[in-house]
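J.:
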Amino acid sequence: MDEIQSLMHGFGVALTLTNLVLMFTGVILGVIIGVLPGLGGANGVAILLPLTFGMAQSPGGATSAIILLSCIYWGALFGGAITSILFNIPGEPWSVATTFDGYPLAQQGRAGNALTAAFTSSFIGALVAVIVITFLSPIVANFALEFGPPEFFSVYLLTFCAFIGTSKEPPFKTLAAMMLGFALAAVGTDPVTGTLRLTFGSTHLLTGFDFLVAVIGLFGIGEILLTLEEGLAFRGAQAKLNVRVVVETWKELPRYWLTSLRSSAVGCFMGIVPGGATPASFMSYGVARRFSRDGDKFGSGMVEGVVAPETAAHAAGTSALLPMITLGVPGSPTAAVLLGGLMIWGLQPGPLLFVEQKDFVWGLIASMYLGNIAGLIVVLTCVPLFAAILRVPFSVIAPIIMVVCAIGAYTVHNSIFDVWMMVVFGIAGYFFKKLKYPLAPLVLAIVLGDNAESSFRQAMLVSQGDVAIFFSNALVGTMTGLALLLLVWPLLGWVVRRVRGD
Amino acid sequence: MAEGPQDRAAFGLKSAEIAVAAFFFLFGAIVMYDSVRLGIGWQEVHGPQPGYFPFYVGLIICVSALVNAVQGLIIRPERDRTFVEVGQLKLVLTVLIPTALYAALVGLIGIYVASILFITFFMRWLGKYPWWKAVAVSLSTAVVFYLIFEAWFKVPLPKGPVEAFFGLN
Numbered sequence: 005m006d007e008i009q010s011l012m013h014g015f016g017v018a019l020t021l022t023n024l025v026l027m028f029t030g031v032i033l034g035v036i037i038g039v040l041p042g043l044g045g046a047n048g049v050a051i052l053l054p055l056t057f058g059m060a061q062s063p064g065g066a067t068s069a070i071i072l073l074s075c076i077y078w079g080a081l082f083g084g085a086i087t088s089i090l091f092n093i094p095g096e097p098w099s100v101a102t103t104f105d106g107y108p109l110a111q112q113g114r115a116g117n118a119l120t121a122a123f124t125s126s127f128i129g130a131l132v133a134v135i136v137i138t139f140l141s142p143i144v145a146n147f148a149l150e151f152g153p154p155e156f157f158s159v160y161l162l163t164f165c166a167f168i169g170t171s172k173e174p175p176f177k178t179l180a181a182m183m184l185g186f187a188l189a190a191v192g193t194d195p196v197t198g199t200l201r202l203t204f205g206s207t208h209l210l211t212g213f214d215f216l217v218a219v220i221g222l223f224g225i226g227e228i229l230l231t232l233e234e235g236l237a238f239r240g241a242q243a244k245l246n247v248r249v250v251v252e253t254w255k256e257l258p259r260y261w262l263t264s265l266r267s268s269a270v271g272c273f274m275g276i277v278p279g280g281a282t283p284a285s286f287m288s289y290g291v292a293r294r295f296s297r298d299g300d301k302f303g304s305g306m307v308e309g310v311v312a313p314e315t316a317a318h319a320a321g322t323s324a325l326l327p328m329i330t331l332g333v334p335g336s337p338t339a340a341v342l343l344g345g346l347m348i349w350g351l352q353p354g355p356l357l358f359v360e361q362k363d364f365v366w367g368l369i370a371s372m373y374l375g376n377i378a379g380l381i382v383v384l385t386c387v388p389l390f391a392a393i394l395r396v397p398f399s400v401i402a403p404i405i406m407v408v409c410a411i412g413a414y415t416v417h418n419s420i421f422d423v424w425m426m427v428v429f430g431i432a433g434y435f436f437k438k439l440k441y442p443l444a445p446l447v448l449a450i451v452l453g454d455n456a457e458s459s460f461r462q463a464m465l466v467s468q469g470d471v472a473i474f475f476s477n478a479l480v481g482t483m484t485g486l487a488l489l490l491l492v493w494p495l496l497g498w499v500v501r502r503v504r505g506d
Numbered sequence: 018m019a020e021g022p023q024d025r026a027a028f029g030l031k032s033a034e035i036a037v038a039a040f041f042f043l044f045g046a047i048v049m050y051d052s053v054r055l056g057i058g059w060q061e062v063h064g065p066q067p068g069y070f071p072f073y074v075g076l077i078i079c080v081s082a083l084v085n086a087v088q089g090l091i092i093r094p095e096r097d098r099t100f101v102e103v104g105q106l107k108l109v110l111t112v113l114i115p116t117a118l119y120a121a122l123v124g125l126i127g128i129y130v131a132s133i134l135f136i137t138f139f140m141r142w143l144g145k146y147p148w149w150k151a152v153a154v155s156l157s158t159a160v161v162f163y164l165i166f167e168a169w170f171k172v173p174l175p176k177g178p179v180e181a182f183f184g185l186n
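Chains as they are written, first to last, in my numbering: chain A, 5 to 506; chain B, 18 to 186.
Next up, the structure:
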């Protein structure tokens, strides 16, 4: 088993004192980020990314940097559950489904059980996903080594068409948001010929729009503006977690093994295919309700109703890193930010990473195991502390978050212009969220735009302008065909509804 | 249910949908305009010209914007929900305008002084905290950020005349 050997090597890389300290730091920061309104996995990691620029320069530093950032991500995934259960405020979109049964449980005085169930199932979901990553990613990477421009373009096409096919938002809004991302990515220097595009003589636009700034604005500032509307009274249940409650819940959990398994499968699938954690959590909640014997009691405070969405969300959030490290195609906005990090540190994400940067890749995979254990320990022991953060009044927390966002936007390129752009993106994010324009495809398009365009143009150059190259062999043909099917999926659904006469 | 002036709709969903669709259309049109300038055809050595890809991106933006605008237009008046209430809009603007000013100030007087002013203002004006509390929180925030960014991670942040006076540049 090559993978086991590589993984053991990875543990050797990840298990240094520095890395363990970074792991716990990352998880704690991540939980705080997950708990705070306006800060989430994607923009939290984006804000802290510049801190790693220096760190990544030293030998082996890139591994430490990715451990820090990915642990922030795990922490944010854990943190979302705390606010959902105690305050009925989903800190992250993927924890919305957790509120359905988590908050009623808290109201019945069983917050401890709900939290333990949520954390434990998050952990199990992540563990399953990491095992999938461990064994599947070398295969995918090996396979992808043979990829040329047409294959890569068809992967990109599949990624973006999947958004249109699986998105809950109206398809034309998804399309508009996505294309806005591609247009923003095109600003600046043309990746193939070096021509300046869409800059209109502005020197600020020479380097184009940085997606990190977009992420901080859209998710950070936009989210705070939205939170403001809701009014600011956070009234939450008391959080107490003692050993007795934890053990009691752990005894109950094995009963839901089938739900866990099903939710992990849903989560892994949705994470690898760019659907993301949010639909995965809803889907697995729905599936669990349908198959459970107590399905009709869901929503009134069932532990199983917490297990299902949390397992799926964490499994999806984790497995979203699989396409990121193997193909260079992130499955979620946070994975996109991590991908951006890799590029800034001078690592080229994609299949070659497994050949050229073995230490880095396996260190990262090993740190996923360790980071989630660290996460589970931190959240089980420190819940009251994190819940206390939410009791800090919004008029104190909000300006500090704004300042953190501004610092994050500035430090990406040491540019004041980016701080202004952050505010602009914040206003856009507020409108987009209210009108159901999805943000994830927008962000992914900004990140992948140049690569998608380059692979398209290279493929066109090879085939001398013949689009048949995207169907030239079984692999690329299947991916392109699947992509086109997903693209017209909403249309098919509409036709079917019409024919049935609903 | 009686509606107070604060609950009144400042904007309807319909107008918001149309306005955002119009923004998208305009943006798409600008992208297409510049793409045509760059050339949207085939070039012998480089293959598709620099404007080729963005041109179709712009075109799709314009087409989807039109669809979204039409879908906004056909919202019947009785189904037109509130996009934002007057009270909500006021609250959002009382935060947005200071934030925009803050972003502008960062370039002039540096991020530390701007942040201190911003947090103090926010706590004093919106949170109704006593002066000393607002100043204490904002000053300690600035110090903590200085220690984390400049001292620990060696990431320089924008500074202005005040820092220069204290010789911190």
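By construction, the Cβ of each residue, glycine as well, lies at the ideal position given by its N, Cα and C atoms.
Computed from a predicted structure; not experimentally measured.
Could you check what DSSP says for A:Asn-23 in three-state terms: helix, strand or coil?
T.: Residue mapping note: residue 23 of chain A aligns to position 19 of the first sequence, counting from 1. Correct three-state label for A:Asn-23: helix.
J.: Could you tell me whether any Cβ in chain A is nearer than 8 Å to the Cβ of B:Asp-97?
T.: Here residue 97 of chain B is taken as the residue at index 80 of the second sequence, counted from 1. Not closer than 8 Å to any Cβ of chain A, the Cβ of B:Asp-97 fails to qualify, so no.
J.: Could you check if A:Asp-422 is buried or exposed, using at least 16 other CB atoms within 10 Å of its CB as the buried criterion?
T.: Translated into the one-based positions of the first sequence, residue 422 of chain A becomes position 418. Classification for A:Asp-422: buried.
J.: If the criterion is Cβ atoms closer than 8 Å, does the pair A:Val-333 and A:Leu-452 meet it?
T.: The count along the first sequence starts at 1 and reaches residue 333 of chain A at position 329. The count along the first sequence starts at 1 and reaches residue 452 of chain A at position 448. Yes, these two residues count as a Cβ contact at 8 Å.
J.: Less than 8 Å between the beta carbons of A:Lys-440 and A:Glu-173, yes or no?
T.: Counted from its first residue, the first sequence places residue 440 of chain A at position 436. Counted from its first residue, the first sequence places residue 173 of chain A at position 169. Closer than 8 Å, so yes.
J.: Between which two residues does the alpha helix (DSSP H) carrying A:Val-466 extend?
T.: Position 462 of the first sequence, counted from the start, is the residue given in the question as residue 466 of chain A. First-last of the alpha helix (DSSP H) with A:Val-466: 444–467.
J.: Residues of chain B with CB closer than 8 Å to the CB of A:Gly-169, please, in chain order.
T.: One-based indexing of the first sequence puts residue 169 of chain A at position 165. Going along chain B, no residue has its Cβ under 8 Å from A:Gly-169, so there is no contact; the nearest lies around 16 Å.
J.: Name the two residues that bound the continuous alpha helix (DSSP H) containing B:Gly-29.
T.: Taking the first residue of the second sequence as 1, we reach residue 29 of chain B at position 12. Where B:Gly-29 is concerned, there is no enclosing alpha helix (DSSP H), although the beta strand (DSSP E) it sits in stretches over 26–29.
J.: Between the Cα of A:Gly-375 and those of A:Trp-78, A:Arg-201, A:Ala-122, spot the shortest distance and give me the residue it belongs to.
T.: Start at 1 with the first residue of the first sequence, and residue 375 of chain A comes out as number 371. Comparing Cα-Cα distances from A:Gly-375 to each of A:Trp-78, A:Arg-201, A:Ala-122, the minimum goes to A:Trp-78.
J.: If you measure between the beta carbons of A:Met-328 and A:Pro-355, is that distance less than 8 Å?
T.: The sequence position of residue 328 of chain A within the first sequence is 324, counting from 1. The sequence position of residue 355 of chain A within the first sequence is 351, counting from 1. Contact: no.
J.: Got a sec? Which residues, its chain only, sit under 7 Å from B:Ala-19 by beta carbon, not counting five neighbours each side?
T.: On the second sequence, position 2 is the one that residue 19 of chain B refers to. Per-residue confidence for B:Ala-19 stands at a pLDDT of 44, beneath the threshold of 50, marking its modelled position as unreliable; no derived number is given.
J.: Just to make sure I have the definition right: I need the residues of chain A whose C-beta is within less than 7 Å of the C-beta of B:Trp-59. Which are they?
T.: Working through the second sequence from its first residue, we reach residue 59 of chain B at position 42. Within chain A, the residues near B:Trp-59 are Gly-469.
J.: Taking contact to mean at least 3 C-beta pairs separated by less than 8 Å, is the stretch 86–97 of chain B in contact with the stretch 27–40 of chain B?
T.: yes
J.: What are the boundary residues of the beta strand (DSSP E) that B:Thr-99 is part of?
T.: Residue numbering aside, residue 99 of chain B sits at position 82 when the second sequence is read from its first letter. B:Thr-99 -> beta strand (DSSP E) spans 99–102.
J.: Measuring alpha carbon to alpha carbon, tell me which of A:Leu-216, A:Gly-485, A:Met-182 ends up nearest A:Gly-45.
T.: What you label residue 45 of chain A is simply residue 41 of the first sequence in a count that begins at 1. Minimum Cα distance to A:Gly-45 is reached at A:Leu-216.
J.: If the cut-off is 8 Å on Cβ atoms, which residues from the stretch 450–479 of chain A count as contacting chain B, listed in chain order?
T.: Glu-457, Phe-460, Arg-461, Gln-462, Met-464, Leu-465, Gly-469
J.: Please classify A:Trp-349: does DSSP put it in a helix, a strand, or coil?
T.: Here residue 349 of chain A refers to the residue found at position 345 of the first sequence. It is coil, neither helix nor strand.
J.: Could you check whether A:Ala-166 and A:Leu-448 sit closer than 8 Å to each other, using their CB atoms as the reference points?
T.: Counting from one through the first sequence, the residue named residue 448 of chain A turns up at place 444. Counting from one through the first sequence, the residue named residue 166 of chain A turns up at place 162. Not in contact: A:Leu-448 and A:Ala-166 (Cβ atoms no closer than 8 Å).
J.: Quick check on DSSP: helix, strand or coil for A:Arg-293?
T.: Counting from 1 along the first sequence, the entry for residue 293 of chain A is found at position 289. Here A:Arg-293 sits in helix by DSSP.
J.: Hey, does B:Glu-20 have any beta-carbon neighbour from chain A nearer than 8 Å?
T.: The residue given as residue 20 of chain B occupies position 3 in the second sequence. Unreliable placement is indicated for B:Glu-20, whose pLDDT of 49 sits below 50; the coordinate value is still reported in the next sentence. No, B:Glu-20 does not count as interfacial toward chain A.
J.: The alpha helix (DSSP H) that contains A:Leu-357, what's its start and end?
T.: For the purposes of this step, residue 357 of chain A is taken as the residue at position 353 of the first sequence. It spans 357–360 - the alpha helix (DSSP H) in which A:Leu-357 sits, taken as one unbroken run.
J.: According to DSSP, simplified to helix, strand and coil, what is B:Glu-20?
T.: Locating residue 20 of chain B in the second sequence gives position 3, where the first residue counts as 1. Interpretation of B:Glu-20 is limited by its pLDDT of 49, a score under 50 that renders its predicted location unreliable; the figure taken from the coordinates is listed afterwards. If DSSP states are grouped into helix, strand and coil, B:Glu-20 belongs with coil.
J.: Under a three-way DSSP split, which group does A:Leu-200 fall into?
T.: In the first sequence, the residue the question calls residue 200 of chain A occupies position 196. Strand at A:Leu-200.
J.: Any beta carbon from chain B within less than 8 Å of A:Trp-493's own beta carbon?
T.: Taking the first residue of the first sequence as 1, we reach residue 493 of chain A at position 489. It does not; no Cβ of chain B falls within 8 Å.
J.: Taking C-beta pairs closer than 9 Å, name the residues in chain A that B:Phe-44 reaches, listed in chain order.
T.: Your numbering for residue 44 of chain B matches position 27 in the second sequence. What B:Phe-44 touches in chain A: Leu-184, Ala-187.
J.: Would you say A:Pro-94 faces chain B, with C-beta separation under 8 Å as the test?
T.: Taking the first residue of the first sequence as position 1, residue 94 of chain A is located at position 90. A:Pro-94 does not count as touching chain B.
J.: Just to confirm, is the Cβ distance from A:Pro-442 to A:Thr-170 under 8 Å?
T.: Position 438 of the first sequence, counting from 1, holds the residue named residue 442 of chain A. Position 166 of the first sequence, counting from 1, holds the residue named residue 170 of chain A. Their beta carbons are not under 8 Å apart, which means A:Pro-442 does not touch A:Thr-170 by this criterion.
J.: Nearest to A:Phe-460 by CA position, among A:Ser-336, A:Pro-153, A:Ser-399, is which residue?
T.: The residue you call residue 460 of chain A lines up with position 456 of the first sequence. If we check each option's Cα against that of A:Phe-460, A:Pro-153 comes out closest.
J.: Using a beta-carbon distance cut-off of less than 8 Å, what residues from the stretch 194–228 of chain A approach chain B?
T.: Asp-194, Val-196, Thr-197, Thr-199, Arg-201, Leu-202, Phe-204, Ile-225, Ile-228
J.: What are the partner residues of B:Gly-64, as DSSP defines its beta bridges?
T.: Stepping through the second sequence from its first residue, residue 64 of chain B is reached at position 47. DSSP output for B:Gly-64 lists B:Gln-60 as bridge partner(s).
J.: Thinking C-alpha only, which one of A:Val-25, A:Gly-83, A:Gly-48 is nearest A:Ala-392?
T.: As a first step, residue 392 of chain A must be located in the first sequence, where it is residue number 388. Comparing Cα positions, the closest option is A:Gly-83.
J.: Given a threshold of 16 other Cβ atoms within 10 Å of its Cβ, counted over all protein chains shown, does A:Gly-430 qualify as buried or as exposed?
T.: For this step, residue 430 of chain A is matched to residue 426 along the first sequence. Answer is buried; the Cβ neighbour count reaches 16.
J.: State the beta-bridge partners of A:Gly-192 as determined by DSSP.
T.: One-based indexing of the first sequence puts residue 192 of chain A at position 188. Partner(s): A:Arg-201.
J.: Does the beta-carbon of A:Thr-207 have 16 or more other beta-carbons within 10 angstroms, so that it is buried, or is it exposed?
T.: For the purposes of this step, residue 207 of chain A is taken as residue 203 along the first sequence, with counting starting at 1. So A:Thr-207 counts as exposed.
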